[in-house]
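For the sequence shown, the working numbering assigns the number 69 to the initial residue and increments by one for each residue that follows.
Don't be surprised by glycine CBs; every beta carbon is placed ideally from N, CA and C.
Report on the structure given below.
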Amino acid sequence: MISAAQYDNNIDLFPERFRKIIFFTGAGMSAESGIPTYRGEGGVWHQYRWDEYACQEAFEHHPEKVLEFHRIRREKIGECEPHEGHLVIARLEKKYWRLQNIQVITQNIDGLHQRAGTKNVTELHGSIWKYRCDPCQKLFSIQQGESGIDKCPLCKKWVRPHIVWFGDYLDPDILYRVGNEIRRCDLFISVGTSGTVWPAAGFHKLASQSGALCIEINPEETENSGYFRHTFRERAGSSLSKLFGKYI
Ligand code: NAD
């Protein structure tokens, strides 16, 4: 049942009240930083065909083209800055670090949570700031401003962006861990996700069935809105500030 939520003292989200707080974020979380959402206007897959740039087959046929595409995407992402919503979460984590009860689980690959200062971030879909060499099973990180690598320094084969592309499976270890964490949380806040990409689309249901207080922040209604006790039809930055600004 959706409630028309108000920013008043009826919703007491004082972090010390909770055993575990999960912020589950999607592309809408990064929209205010200037990174287009997946389905929204200006979304990258409206402009480019994913089967030419974002699947293993494309990489095997045209590794240079795929790597160049991701290099350009990364440069654009590098020009964007975390917004107040990212900063609110980072400050909460810093202030309540003794409780160790705050965690971000994100579908985003942009690294903005970490750039805002959040440490406890699980990236479900990988990161545009990492490459991997599948034959060597090595992971390579690059920093903002660096152009990246094409070939593995060890075996000299092409490295691929460490991102869950179309047709890839999510890392089962990460999924297992995330499932356990969601079952243990008692506050689940979904921010800026349409909740249509599986398995992430089932997380709110898992949280709700495990008894967590579930909150949705999204300017638009989603298919899952009915699972949330409170829904805030607002942008991520202002909504997170109103809900948590008083605790940091
Ligand atoms: P989505 O595009 O399906 O949904 C985005 C949601 O954000 C929409 O429901 C929209 O109403 C909402 N939204 C838009 N502006 C918002 C704002 N200012 N504040 C709060 N919400 C806002 O994205 P998704 O659910 O994350 O799933 C799409 C997939 O695309 C994911 O797998 C994700 O990895 C990937 N993706 C990532 C990025 C990124 O890393 N920044 C960007 C685009 C897509």
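Item to check | Neighbourhood of Glu161 by C-beta, 6 Å cutoff - its chain only, sequence neighbours within 5 removed | outcome: If the five residues before and after Glu161 are omitted, its C-beta is found closer than 6 Å to the C-beta atoms of Ile170, Thr186, all from its own chain and listed in chain order.
Checklist entry - DSSP three-state call for Val259: helix, strand or coil? => result Annotated three-state conformation of Val259 is strand, per DSSP.
Checklist entry - What residues does the ligand NAD have around it, judged by CB closer than 5 Å to any heavy atom, in chain order? => result Listed along the chain, these residues meet the criterion: Gly94, Ala95, Gly96, Ser98, Ala99, Glu100, Ile103, Thr105, Tyr106, Arg107, Gln175, Asn176, Ile177, Asp178, His193, Gly260, Thr261, Ser262, Val265, Asn286, Glu288, Arg303, Ala304.
Next on the checklist: Helix, strand or coil, according to DSSP, for Ile103 in the structure here?
Outcome noted: Ile103 falls in the coil class under three-state DSSP.
Item to check | Buried versus exposed, by CB contacts within 10 Å (16 or more), Asp241 | outcome: Exposed is the call here.
Item to check | Residue environment, Pro203, which counts as buried when at least 16 other CB atoms sit within 10 Å | outcome: Counting other Cβ atoms within 10 Å of its Cβ, Pro203 stays below 16 and is therefore classed as exposed.
Item to check | Closest residue to Arg117 among His154, Phe234, Arg200 (Cα-Cα distance) | outcome: Closest by C-alpha distance to Arg117, out of His154, Phe234, Arg200, is Phe234.
Item to check | Span of the beta strand (DSSP E) around His298 | outcome: The continuous beta strand (DSSP E) containing His298 extends over residues 298-300.
Item to check | Alpha-carbon spacing of Phe300 relative to Phe92, whole angstroms | outcome: Spanning the two alpha carbons is a distance of roughly 15 Å.
Item to check | Pairwise C-alpha distance: Arg251 and Gly94 | outcome: In this structure, the CA atom of Gly94 is about 20 Å from the CA atom of Arg251.
Item to check | Whole runs of the alpha helix (DSSP H) within the stretch 212-280, excluding any shorter than 4 residues | outcome: Within the stretch 212-280, the complete alpha helix (DSSP H) segments at least 4 residues long are 240-252, 271-277, listed from N- to C-terminus.
Next on the checklist: Please report the straight-line C-alpha distance between Lys206 and Tyr199, rounded to a whole angstrom.
Outcome noted: Their backbone Cα atoms lie some 8 Å apart in a straight line.
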